[in-house]
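**Q** Same order as they appear, the protein sequences are chains G and E. Count the first sequence with my numbering and you get residues 109 to 221, in order. Count the second sequence with my numbering and you get residues 289 to 402, in order.
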Amino acid sequence: SQTIHQWPATLVQPVGSPLSLECTVEGTSNPNLYWYRQAAGRGLQLLFYSVGIGQISSEVPQNLSASRPQDRQFILSSKKLLLSDSGFYLCASTGLAGIDTQYFGPGTRLTVL
Amino acid sequence: AQSVTQPDIHITVSEGASLELRCNYSYGATPYLFWYVQSPGQGLQLLLKYFSGDTLVQGIKGFEAEFKRSQSSFNLRKPSVHWSDAAEYFCAVAPPGGSYIPTFGRGTSLIVHP
Numbered sequence: 109s110q111t112i113h114q115w116p117a118t119l120v121q122p123v124g125s126p127l128s129l130e131c132t133v134e135g136t137s138n139p140n141l142y143w144y145r146q147a148a149g150r151g152l153q154l155l156f157y158s159v160g161i162g163q164i165s166s167e168v169p170q171n172l173s174a175s176r177p178q179d180r181q182f183i184l185s186s187k188k189l190l191l192s193d194s195g196f197y198l199c200a201s202t203g204l205a206g207i208d209t210q211y212f213g214p215g216t217r218l219t220v221l
Numbered sequence: 289a290q291s292v293t294q295p296d297i298h299i300t301v302s303e304g305a306s307l308e309l310r311c312n313y314s315y316g317a318t319p320y321l322f323w324y325v326q327s328p329g330q331g332l333q334l335l336l337k338y339f340s341g342d343t344l345v346q347g348i349k350g351f352e353a354e355f356k357r358s359q360s361s362f363n364l365r366k367p368s369v370h371w372s373d374a375a376e377y378f379c380a381v382a383p384p385g386g387s388y389i390p391t392f393g394r395g396t397s398l399i400v401h402p
């Protein structure tokens, strides 16, 4: 099975500061990769997904961006954080061809003050 | 596009009691179906999945789910709940094949009383 690493685990950032969250995957190759955000008491909101290196699809327009510089590395970024960016960020991965089970990382708790 | 409804935001059960969490979906054909569990501050863990075949699916931690095509449902069950089952439960659906973009329900929070 796959293992997904996310860091940092928690992050407190001031409004207007930049953001970089990293996700790496072990145990598979050429996975589909996803970034979700989960607000307090809410479900999962898909932010970005990627089917390959350099291929990013955005589901929700906002001040966040994503990049996939390597096959098993997915990065979520922002140039200037907003208060509304606070939440729990989850990285997920599926297996070959995308027809598989979605595995989730442990998440990053982001608080923007 | 597919959609998922988890009609219960919170469910409270006593330890040892049976449990059923509801999930209804909307999709033109039979989708892939999943149940995940999330403990506070943690990622999601897959409990079970249905792709095809036997409509009663066994998962980890003693959970099972039954796919009912006629009702567009995929309800999660457990015969005897343990205090450690207290968590958030998410149902998800995905179209078979394609780029695999699952849709998640809003979740059901399970509270277990001793």
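The C-beta atom is built at its ideal place from N, Cα and C for all residues, glycine as well.
Against chain G, with Cβ distances strictly below 8 Å, would Tyr388(E) count as a contact?
**A** Yes, its Cβ sits closer than 8 Å to a Cβ of chain G.
**Q** Name the chain A residues that come within less than 7 Å of Phe182(G), Cβ to Cβ?
**A** Among the protein chains of the structure shown, namely G and E, there is no chain A.
**Q** How far does the beta strand (DSSP E) with Gln146(G) in it reach, from first residue to last?
**A** Where Gln146(G) is concerned, the enclosing beta strand (DSSP E) stretches over 141-146.
**Q** How far does the beta strand (DSSP E) with Ala289(E) in it extend, from its first residue to its last?
**A** Careful: Ala289(E) lies outside any beta strand (DSSP E) and carries neither H nor E.
**Q** Counting contacts by CB-CB distance shorter than 8 Å, is Lys366(E) in contact with chain G?
**A** False, the Cβ-Cβ gap to chain G never drops below 8 Å.
**Q** List, in chain order, every chain G residue whose beta-carbon is nearer than 8 Å to that of Gln330(E).
**A** Here the neighbours are Pro214, Gly215.
**Q** Measure the C-alpha to C-alpha separation of Ser109(G) and Thr136(G) and round it to an integer number of angstroms.
**A** Rounded to the nearest angstrom, the two C-alpha atoms are 8 Å apart.
**Q** Give every residue of the same chain whose Cβ lies closer than 8 Å to the Cβ of Gln346(E), excluding the five residues on either side of it in the sequence, and list them in chain order.
**A** Cβ neighbours of Gln346(E) beyond the five flanking positions: Leu336, Glu352.
**Q** Listed from N- to C-terminal order along the chain, which residues in the stretch 298-311 of chain E have their beta-carbon within a distance smaller than 7 Å of any beta-carbon of chain G?
**A** From the stretch 298-311 of chain E, no residue has a Cβ closer than 7 Å to chain G.
**Q** Counting only C-beta atoms, is Arg357(E) closer than 8 Å to chain G at any point?
**A** Chain G, which has no Cβ nearer than 8 Å to the Cβ of Arg357(E), makes this no.
**Q** Count the other CB atoms, across all protein chains shown, that sit within 10 Å of the CB of Val220(G); report buried if there are 16 or more and exposed otherwise.
**A** Burial call: buried.
**Q** What is the DSSP secondary structure of Ile164(G), reduced to helix, strand or coil?
**A** Here Ile164(G) sits in strand by DSSP.
**Q** Can you confirm whether Arg150(G), when its beta carbon is compared against all beta carbons of chain E, has any partner nearer than 8 Å?
**A** With 8 Å as the cut-off, Arg150(G) counts as an interface residue toward chain E.
**Q** Secondary structure at Arg365(E), three-state DSSP: helix, strand or coil?
**A** It is a strand residue.
**Q** Find the residues of chain G that neighbour Phe378(E), judging by a C-beta separation of less than 8 Å, and give them in chain order.
**A** The contacting residues are Gly151, Leu152.
**Q** Between His401(E) and the rest of its own chain, which residues show a CB-CB distance below 6 Å, the 5 nearest in sequence each way excluded?
**A** Taken in chain order, the residues that qualify are Ser302.
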